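Chains as they are written, first to last, in this note's numbering: chain E, 2 to 256; chain B, 150 to 816. We put the beta carbon where it would ideally sit given N, CA and C, even for glycine. Please read these numbers as outputs of a predicted model, since none were measured by experiment. Please read the structure below before turning to the comments.
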Amino acid sequence: MSGNMNINLKVWRQKNGKSQGKLVDYKVENVSPDMSFLEMFDVLNDRLINEGKDEPIAFDHDCREGICGSCSMYINGRPHGPNQGVTTCQLHMRSFKDNDTIVVEPWRSAAFPVIKDLATNRSAFDRIIASGGFISINTGNAQDANNLPIPKGDADDSFAAAACIGCGACVAACKNSSAMLFVSAKVSQLALLPQGAPERATRVLNMVAQMDAEGFGSCTNTGACEAECPKQISLTNIARLNREYYKAQLFSNEG
Amino acid sequence: MSKIDSKIPAGDLETKWTKYKSSVPLVNPSNKRNLEIVVVGSGLAGSSAATSLAELGYKVKVFCFQDSPRRAHSIAAQGGINAAKNYQNDGDSVYRLFYDTIKGGDYRAREANVHRLAEVSSNIIDQAVASGVPFAREYGGLLSNRSFGGTQVQRTFYAAGQTGQQLLLGAYSGLQRQIGLGNVQMFARHEMLEVVNIDGKCRGIIARDLVSGKLERHFGHAVLLCTGGYGNVFYLSTNAMACNVTAAWKAHKKGAYFANPCYTQIHPTCIPVSGDHQSKLTLMSESLRNDGRIWVPKRKEDAEAIRNGKLNPNDLKEEDRDYYLERRYPAFGNLVPRDVASRAAKERCDAGFGVNKTGEAVYLDFAFNMKYKYGKQVATLKHISNPTEAQLTEFGHEVIKEKYGNLFDMYKQITGVNPYENPMMIYPAVHYTMGGLWVDYNLMTTVPGLYALGEANFSDHGANRLGASALMQGLADGYFVIPYTIGAYLANEISVKSISTDHEAFVEAEKNVQSTIEKLFAVKGTKPVDFFHKRLGKIIWDNCGMARNVEGLTKAISEIKALREEFWNDVRVTGEANDFNPELEKAGRVADFIELGELMCKDALERNESCGGHFREDHQTEEGEALRDDENFKNVSAWEFKETGNWDLHQEELVYENIKIAQRSYK
């Protein structure tokens, strides 16, 4: 290993959802600045296995290129660490200094229970999507894709909202554990497209109802979610969600 | 060696699929409700198949090892998806997409499958747009296209550098809708560890709940494996960390033939390896080759000066640069297919012209097009007749940012270097596997009732896949092929009642899985799982990577056999079986990769020719291009598992009735 940094880690260890957890100290030596944050954990886990005393640290990760949304570490009090617009897997050790002490915890939210160590259960997000985050079209029914032109601006805004990777950093960042940024991203993506129009009202009502049922908190417009979102999903989506929601409540028959 | 039947319907290529669809047996709606289908994997192929089948009325169960179906690795595909829409009026057609794909695959793919793929490609775009996928658009509101390698038309649809993400989330939202409606039962954080065959037919799976560690039995009248490719056999690849061959391999060991395992795709434009801590490699989308020009210095001393940090590449004069792809392949230039571009990069680096510390990198340079293509365009729009160089750069910068912004950001994150100011450094890396489970025209493996879709099968890309065709194939298989072809099998299953999972075949299969897990823990060796995975990867990369030869492959096979012994004698698997245990998951996957690695080398050794991604040094033209042997190898190699380290070879002859096969040329 060719690195020259020493890092002091305080990592949340928790056997499972039922047991108590605690912060455990680890020192990782010879860290290279080119390593990703997760690669530093690989090195530490390798050592833990070799030493045979402690089980390796469990954490969710997969693509390691910032798109799958699996990785989810709460680093020094911030989801995905100190840099803006990146996931944990795209955070590199060059963002830290020699001898830094780094505290690493799982996402904290009642709606995301801890499975083990740093891995949490985020299936609440899937259930919110299942409640309305789609367009009800069966395979084979579609018309030619260019029959319905969409203004470039709307398509671009829709895409910007659709960039959400469902990692849950917004919830972890929020003092109320609100999932509004996540929900608003999907509502906005589909509300901005003509294809999403037929179910516009039912979608927002059902998704918000499911969000509440999952135990996420309320939004108080603090903006921590936007600041910490690795895909920089904009707070204006929440404004759009609120507008869609009130409109649906006032004018639709679904309310 | 026996021949196998691909069940390609008779008739003209152009009408085969249409006629087949109209004649394939149907299952009536009330019977569909009683038929259960197990889908393993939730990527593009799995999600689209599960959704479409559930819409038809089948009872569907979906399994994925990730914490949510939305995280399947299809999500990481960057550049785009092909379709023969001809929206650009540049002469595209179903035939051209078909032709390009067969030629791109170096004449080692099935005509009938590829033509069907080209036919349904248009429907995929329609379907995706209708389900809310926000593709890139022009100011007039219509869809935008760009070019990918191995083609001379613009047929690639895209959503910035996040096309896979948008398509997968589109398919996932459809899947979630079916879950909400109760038509699909979802099992996330579940890994399939065995298939269950009863009376010669596949009837279900054994899966491990990755949170509790418990083994579960699930019955299905049919089982669909949509479990992706096996690129992680190389350890370092652009695949996600947990991508694996286990589901396909378990099926292989239960009777499904494995086809063309040596056909692996090395992608030319990836971020080079930075150190031995590296856990994965990151792709820089092929779409970048629309505007990035690939070069190395013409003189070795300049390359050396760059490596030593004494020369800034931006200062090297135009005439001192070797744009080797433009030089060697003037007709396609920087947009030659991936296998060709990768070999050319290796050739320059092996000859001593590499540009990073390790000598294994070439430049992908945007400066020229940033200034003189886009900068000038914007200047003209702004009515600036005499723009300065600085203005051109500034204007071009904005356009490049819009087209490739997220890729440039990713590059900067990983390397710490700003690609707007310096040329990117890239090198080939393992990206995709064309080989996979052998399937017939219906996508059924050699085990009745067991299907393979998407990258998990072998069928459409021959020996080399063209860019932006993986997303197309995954969605074609799931949305538009399997909903029809599965009827051919299930129409005869309507009287089969659900089989109890207390059946002895389920009991037996679960016992086997249990004993493998116990065996892994029982080794109590000294080395972590990753240690073996890294060593396997190095053996395969060195001997069965971009260039292969008899000596290396023979050596690799004996090294892998020895590694297998060592693994089962010295691996250390920590933790417990009945617990959330990522180390145990990895151990099982690596054990399967080791067995597959041996078969890859064996297949590469048996195939005494070069084709596409399979480049045998003893079979090349004078110019260093792949030299096929059509007389002896115009076929698919399908391997039947006998016992560990022992296989029988079967062959499927490839017949080309509609394309005249020739030496592939991109000059």
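(1) How would you write the range of the beta strand (DSSP E) that B:His652 sits in, first residue to last?
(2) How long is the line joining the alpha carbons of B:Leu291 and B:Ser386, rounded to whole angstroms?
(3) Going by C-alpha to C-alpha distance, which of B:Gly319, B:Ser179, B:Lys403, B:Gly254 sits closest to B:Ala654?
(4) My output table needs one value for B:Val345: the three-state DSSP class, helix, strand or coil.
(5) The segment 388-402 of chain B: which residues have C-beta closer than 7 Å to a C-beta of chain E, in chain order?
(6) Give the residues of chain B in contact with E:Pro152, contact being defined as C-beta atoms less than 7 Å apart.
(7) Measuring alpha carbon to alpha carbon, tell me which residue in E:Arg128, E:Ile151, E:Thr140, E:Asn84 is nearest B:Glu287.
(8) Under 9 Å Cβ-Cβ, which residues of chain E neighbour B:Val263?
(9) Out of curiosity, what's the CA-to-CA distance linking B:Ile354 and B:Trp717?
(10) Count Cβ pairs between the segment 172-181 of chain E and the segment 361-377 of chain B that sit closer than 8 Å; are there 3 or more?
(11) Can you give the Cα-Cα distance for B:Val445 and B:Ala510, rounded to whole angstroms?
(12) Quick check: is the beta carbon of E:Met208 nearer than 8 Å to any beta carbon in chain B?
(13) Have a look at B:Pro178, B:Asp249, B:Asp255 and flag the residue whose alpha-carbon is nearest the alpha-carbon of B:Gly762.
(14) What are the residues that DSSP puts in a beta bridge with B:Asp471?
(15) For a contact meaning CB atoms closer than 8 Å, what does E:Glu40 contact in chain B?
(16) Measure the Cβ-Cβ separation of E:Asp35 and B:Ser423 and say whether it is below 8 Å.
(17) For B:Ala480, does the count of other Cβ atoms within 10 angstroms reach 16, so buried, or fall short, so exposed?
(18) Could you tell me whether the Cβ atoms of B:Thr300 and B:Asp239 are closer together than 8 Å?
(19) Within the 8 Å Cβ cut-off, does B:Glu806 reach chain E?
(20) What is the DSSP secondary structure of B:Cys750, reduced to helix, strand or coil?
(21) The beta strand (DSSP E) spanning E:Asn31 covers which residue range?
(22) Taking only beta-carbon atoms, is E:Asp61 less than 8 Å away from chain B?
(23) Tell me whether B:Asp797 sits in a helix, a strand or coil according to DSSP, three-state version.
(24) Drop a sphere of 10 angstroms on the beta-carbon of B:Gly319, count the other beta-carbons inside from all chains shown, and report buried for 16 or more, exposed for fewer.
(25) Could one say the Cβ of E:Ile136 lies closer than 8 Å to chain B's Cβ atoms, at least one of them?
(26) Measuring only the C-alpha atoms, how far is E:Gly18 from B:Asn332?
(27) In angstroms with no decimal places, state the Cα-to-Cα distance between B:Leu513 and B:Ser647.
(28) Does DSSP put B:Lys168 in a helix, in a strand, or in coil?
(29) Could you say if the segment 465-484 of chain B and the segment 530-540 of chain B meet the contact criterion of at least three C-beta pairs nearer than 8 Å?
(30) Straight-line CA distance for B:Arg497 to B:Tyr472?
(31) Taking only beta-carbon atoms, is E:Asn7 less than 8 Å away from chain B?
(32) Of the choices B:Gly686, B:Glu715, B:Ala277, whose alpha-carbon is the least far from that of B:Lys676?
(33) Using a Cβ-Cβ cutoff of 7 Å, what residues of the segment 551-562 of chain B are near chain E? List them in chain order.
(34) Taking 8 Å as the CB-CB cut-off, is B:Glu204 touching chain E?
(35) If you follow the alpha helix (DSSP H) that B:Leu620 is in, where does it begin and where does it stop?
(36) If we call anything under 8 Å between Cβ atoms a contact, is B:Gly623 one with B:Ala194?
Taking the coordinates as given:
(1) Secondary structure note for B:His652: it is in no beta strand (DSSP E), with a DSSP letter that is neither H nor E.
(2) Rounded to the nearest angstrom, the two C-alpha atoms are 36 Å apart.
(3) Comparing Cα-Cα distances from B:Ala654 to each of B:Gly319, B:Ser179, B:Lys403, B:Gly254, the minimum goes to B:Lys403.
(4) Correct three-state label for B:Val345: strand.
(5) The residues in question are Ala389, Met390, Ala391.
(6) Correct list: Gly290.
(7) When C-alpha distances from B:Glu287 are compared across E:Arg128, E:Ile151, E:Thr140, E:Asn84, the shortest belongs to E:Ile151.
(8) Chain order gives no chain E residues near B:Val263, where near means a beta carbon separation below 9 Å; the closest approach is about 21 Å.
(9) CA-CA distance, B:Ile354 to B:Trp717, rounds to 25 Å.
(10) With a cut-off of 8 Å, the segment 361-377 of chain B and the segment 172-181 of chain E do not count as touching, because too few Cβ pairs lie within range.
(11) Roughly 9 Å separates the two Cα atoms.
(12) No, E:Met208 does not count as interfacial toward chain B.
(13) With distances taken between Cα atoms, B:Gly762 lies closest to B:Asp255.
(14) By DSSP's assignment, B:Asp471 forms a beta bridge with B:Val445.
(15) Listed along chain B, the residues sitting closer than 8 Å to E:Glu40 by beta-carbon distance are His426, Gln427, Ser428.
(16) E:Asp35 is a Cβ neighbour of B:Ser423, given a cutoff of 8 Å.
(17) B:Ala480 should be labelled exposed.
(18) B:Asp239 sits away from B:Thr300, with the two beta carbons spaced by 8 Å or more.
(19) Not flagged as an interface residue toward chain E: B:Glu806, since no C-beta distance is shorter than 8 Å.
(20) Reduced to three states, the DSSP call for B:Cys750 is helix.
(21) For E:Asn31, the enclosing beta strand (DSSP E) begins and ends at 23-32.
(22) It does: the Cβ of E:Asp61 has a partner Cβ on chain B nearer than 8 Å.
(23) In the structure shown, the three-state DSSP call for B:Asp797 is strand.
(24) With 16 or more Cβ atoms within 10 Å of its Cβ, B:Gly319 is classed as buried.
(25) Residue-level contact check: E:Ile136 touches chain B, since one or more beta carbons of chain B fall below 8 Å from its beta carbon.
(26) Cα to Cα, the separation comes out at about 30 Å.
(27) If I take the Cα positions, the gap works out to 56 Å.
(28) Helix.
(29) Because the criterion of three Cβ pairs below 8 Å is not met, the segment 465-484 of chain B and the segment 530-540 of chain B do not touch.
(30) Cα to Cα, the separation comes out at about 11 Å.
(31) No, because no Cβ of chain B sits closer than 8 Å to the Cβ of E:Asn7.
(32) Ranking B:Gly686, B:Glu715, B:Ala277 by Cα distance to B:Lys676 puts B:Glu715 first.
(33) The residues in question are Met559, Gln562.
(34) Yes - at least one Cβ of chain E is within 8 Å of the one on B:Glu204.
(35) Where B:Leu620 is concerned, the enclosing alpha helix (DSSP H) stretches over 619-624.
(36) In this structure, B:Gly623 lies near B:Ala194, with their beta-carbon atoms less than 8 Å apart.
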